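Numbering (numbering that gives the first Met the number 0), first residue to last: 0 to 82.
All C-beta atoms in this analysis are idealised placements derived from N, C-alpha and C, irrespective of residue type, glycine included.
All values reported here derive from a predicted model rather than from experimental measurement.
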Amino acid sequence: MNNRYNTADHRADVALPDSERTDKPIKFRATKDIYWDDWGHMRRVFVKGRIYEGVKHSSGNISGYSPYYDVSDGLDPGEYELV
0 MNNRYNTADH
10 RADVALPDSE
20 RTDKPIKFRA
30 TKDIYWDDWG
40 HMRRVFVKGR
50 IYEGVKHSSG
60 NISGYSPYYD
70 VSDGLDPGEY
80 ELV
């Protein structure tokens, strides 16, 4: 499975009828260094100030794609700004 789209929000988007889907690609700037837990090890997946690709989901949630680890996951408000 493609790790870029392996999130619960993406699966929820795919399950919606086309008429209800509003997900779209976005770009965001990390407003701080963002770390994700990798089996007990905190990995820096986004560097403060850099711009990355992501998706704004139909739910309104934002997922970011980390090119360093080839994985996507949800972002918390306050960790990013849309560009």
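- Contact check for Asp12 against Asp22 passes: the beta carbons are separated by less than 8 Å.
- Annotation for Val82: Lys26, Phe27, Arg28, Ile50 place their beta carbon closer than 7 Å to its own, counting only its chain and skipping 5 residues before and after.
- Separation of the CB atoms of Ser65 and Glu19 is rounded to 28 Å, and the pair is thereby denied contact status at 8 Å.
- Within the model, the alpha-carbon separation for Arg43 versus Trp35 is close to 7 Å.
- Counted as a single uninterrupted DSSP element, the alpha helix (DSSP H) harbouring His9 occupies residues 7 to 14.
- Taking a C-beta distance under 8 Å as the contact criterion, Gly63 and Leu74 qualify as a contact pair.
- As DSSP reads the structure, Ser57 sits in no beta bridge.
- For Arg49, there is no enclosing beta strand (DSSP E), since its DSSP letter is neither H nor E.
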